[in-house]
Amino acid sequence: MSSASQTPSPLKPKRTLRNGLLLLSAVALVGFICFRVYQAQARAGKAKVAPVTVMQLKVAELVTVQPSAFEQTLPLSGALDPYTQAVVSARASGEIQSVNVREGQSVKKGQVLAALVSTTYQAQYQQAVSSVASAKSALDLAQKDYNNNAALVKEGFISQMALQKLDVALANASAQLRNAEEAQVIARRALGEATIIAPVSGVISASKVNAGDTVAIGSAMFSIVNTDRFELVAPISAEQIGALHPGQTVQLTSAGVAQPFVGRVDRINPAAQNGSRSYSVYIAVDNTTGQLKSGMFAQGKIVLAARANALTVPATAIHTVDARRFVYILKEGKLAEQNVTLGARASDAIDAPVEIASGVSTGDQVVRLDLGVLKVGVDVQVVAESPGTAESTTEAKP
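Counted the way UniProt numbering counts, the sequence shown spans residues 1 to 398.
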């Protein structure tokens with residue numbers, strides 16, 4: 001055997017190495033393709049799972065419908081002014097001799113408040129009295145002359161013309177007496193008006209004079225207010241005035257009084273105030289206890305209607321679309337719209353209770369706040385504290 005036939009071929013190891021590399025490349029490629037396929041499938045699986053939206057509502061954002069006492073009220077307010085007040089003015093002129101009262105002092109009707117120096121008025125009155133006495137004497141004399149001469153006429157001693165002159169004298173004397181008596185009445189009144197008296201009972205709220213001052217006829221001297229009864233004047237709109245009538249009870253409070261007090265509708269002005277559509281309603285308030293003071297501001301309400309058991313929701317819970325009114329309600333954990341028929345509204349307050357005539361039942365949970373347009377059918381989770389109307393989105397597990 002020759003030596004050439006026994007030598008190994010150098011190509012065989014190279015072929016084996018090449019085949020190994022090709023095999024490793026194929027395995028790596030298959031692995032990469034499988035990995036990408038897995039990623040694509042995972043992404044596709046996630047895309048097929050729809051997110052679930054849950055609305056979270058605070059407990060405070062819901063109200064449970066329950067029968068409760070309901071009052072429809074009309075709010076009002078105004079200042080308390082004395083029902084009776086008087087300004088005492090001078091009815092005679094002159095110097096003030098004395099002032100007998102001070103501000104804050106209680107007085108009775110007819111009580112002397114002040115007096116003017118009355119010397120001149122007394123003299124005028126005495127002169128008037130004397131004039132009346134003289135006129136009476138003159139009339140008596142004229143009457144006697146007439147009577148005596150009338151008898152002489154019958155006997156023919158004097159003429160009828162002479163008697164007529166005596167008749168004229170008698171008439172003049174009678175007229176002079178009437179004039180003197182009228183002057184006496186005027187003088188007596190002037191003397192009386194030099195004494196200033198209280199025209200009403202009450203409290204002196206203002207005293208504008210002092211002893212020694214000079215006043216003219218018509219000068220304001222005192223103000224008197226009767227604090228046993230006050231009056232509150234409240235403006236009421238044209239839409240609400242029809243619900244009021246005299247005799248209605250008014251529940252009132254004031255910052256200066258510890259306890260509530262009551263009044264009643266005394267009268268209603270039938271004419272609207274100038275430049276507005278409001279009507280003045282006059283509320284009479286008794287103050288025999290003396291707890292109220294002039295000028296206090298009071299606010300209160302008139303109960304127009306009352307029911308013991310009514311189903312109500314806050315006005316903020318009611319939504320209106322065209323003529324339809326509805327509330328958002330929880331049904332089996334989901335949000336739903338519920339049409340309602342409304343009754344009376346308690347007041348004009350933004351969250352005032354509103355009667356629900358139909359549409360809700362006892363125990364229903366209603367969204368009490370106006371949270372805007374909400375998604376009907378969404379799941380609702382009631383929580384003690386949450387970000388209000390914020391919605392949280394969670395991914396369902398595949």
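Quick reminder that beta carbons are idealized off the backbone N, C-alpha and C, glycines included.
A quick note: this is a predicted structure, and the numbers were derived from the prediction, not measured.
Item, Value
"Cβ-Cβ distance between Ala162 and Val168 below 9 Å", "no"
"Reduced DSSP category for Arg91 - H, G, I as helix; E, B as strand; rest coil", "coil"
"Residues that Asn339 bridges to, as DSSP identifies them", "Phe326"
"Test item: CB-CB of residue 399 and Ile217 under 9 Å", "Residue 399 is absent from the structure shown; the chain starts at 1 and stops at 398."
"Close beta carbons around Phe230, own chain, < 7 Å, minus the five adjacent residues each side", "Leu80, Asp81, Pro82, Tyr83, Val285, Asn287 and Leu292"
"Run of the alpha helix (DSSP H) containing residue 404, from where it starts to where it stops", "What is shown of the chain runs 1 to 398, which leaves residue 404 out entirely."
"Cβ-Cβ separation, Val366 to Val373 (assumed contact under 8 Å), whole Å", "Wrong, their Cβ atoms sit about 16 Å apart, outside the cutoff."
"Status (buried if at least 16 other CB within 10 Å, exposed otherwise) for Gln66", "exposed"
"Identity of the residues DSSP links to Val382 by a beta bridge", "Leu57"
"Distance, Gly212 Cα to Asp139 Cα", "Checking the sequence shown, residue 139 turns out to be Leu, not Asp. Rounded to whole angstroms, Leu139 to Gly212 spans 44 Å at the Cα level."
"Cβ contact check for the stretch 115 to 122 and the stretch 243 to 262: 3 or more pairs under 8 Å", "no"
"Pick from Ala128, Ala305 and Glu355 that is closest to Gln248, judged by C-alpha positions", "Ala305"
"Per-residue DSSP class, three states only, for Thr120", "helix"
"Cβ-Cβ distance between Ala92 and Ala194 below 9 Å", "yes"
"Rounded straight-line distance, which links the Cα of Ser207 to that of Lys144", "57 Å"
"Reference Lys109, options Tyr121, Asn147, Val200 and Gln299, closest by Cα", "Val200"
"Minimum C-alpha distance to residue 400 - residue among Gln184, Lys136, Ser294 and Phe70", "A query on residue 400 cannot be resolved here, the shown segment of the chain reaching from 1 to 398 and no further."
"CB-CB length for Ala238 against Ala272, believed under 8 Å", "7 Å"
"Whole-Å CB distance - Ile356 paired with Val321, under 8 Å assumed", "The pair is not a contact, with the Cβ atoms about 17 Å apart (cut-off 8 Å)."
"C-alpha gap between Asn179 and Arg264, whole angstroms", "53 Å"
"Length of the line joining the Cα atoms of Thr227 and Ser205", "10 Å"
"Whole-number beta carbon distance between Ala243 and Ile224, since they are thought to touch under 8 Å", "At roughly 36 Å, the Cβ-Cβ gap does not stay under 8 Å, so Ile224 and Ala243 are not in contact."
"DSSP three-state assignment for Lys48, whether helix, strand or coil", "Residue placement at Lys48 is flagged as unreliable, the pLDDT there being 49, under the threshold of 50; a coordinate-derived value is accordingly withheld."
"Of the listed residues Ala183, Ile283, Pro235 and Phe222, nearest to Asn274 (C-alpha basis)", "Pro235"
"C-alpha gap between Asn339 and Ala310, whole angstroms", "18 Å"
"Lys136 - DSSP class collapsed to helix/strand/coil", "helix"
"Inter-residue spacing [alpha-carbon to alpha-carbon] between Glu181 and Ala128", "8 Å"
"Sequence-distant residues of the same chain with beta carbon closer than 7 Å to Val380, five excluded per side", "Met55, Leu57, Leu330, Gly333, Lys334 and Leu335"
"Proximity below 9 Å, CB of Phe222 to CB of Val101", "yes"
"For Glu332, three-class secondary structure by DSSP", "coil"
"Contacts around Lys165, its chain only, beta-carbon distance under 6 Å, and the 5 residues preceding and following it disregarded", "none"
"Cut-off 6 Å between Cβ atoms - residues of its own chain near Ser2, not counting five sequence neighbours on either side", "Low confidence applies to Ser2: its pLDDT is 45, below 50, so where it sits in the model is not reliable enough to give any reading."
"Close beta carbons around Ala47, own chain, < 6 Å, minus the five adjacent residues each side", "Reliability of the predicted coordinates at Ala47 is poor, the pLDDT of 47 falling under 50, and the value obtained from them is presented with this limitation in mind. So the list is empty, once near-sequence residues are dropped."
"Any C-beta of chain D under 9 Å from that of Asn339", "Of the protein chains in the structure, only one exists, and it is not chain D."
"From Leu76, Asn149, Asn210 and Ala171, residue whose alpha carbon lies closest to that of Gly94", "Asn210"
"Leu80 CB to nearest heavy atom of the ligand NAP below 8 Å", "Inclusion of the ligand NAP in the displayed structure is not the case, the ligand content being empty and no account of it being possible."
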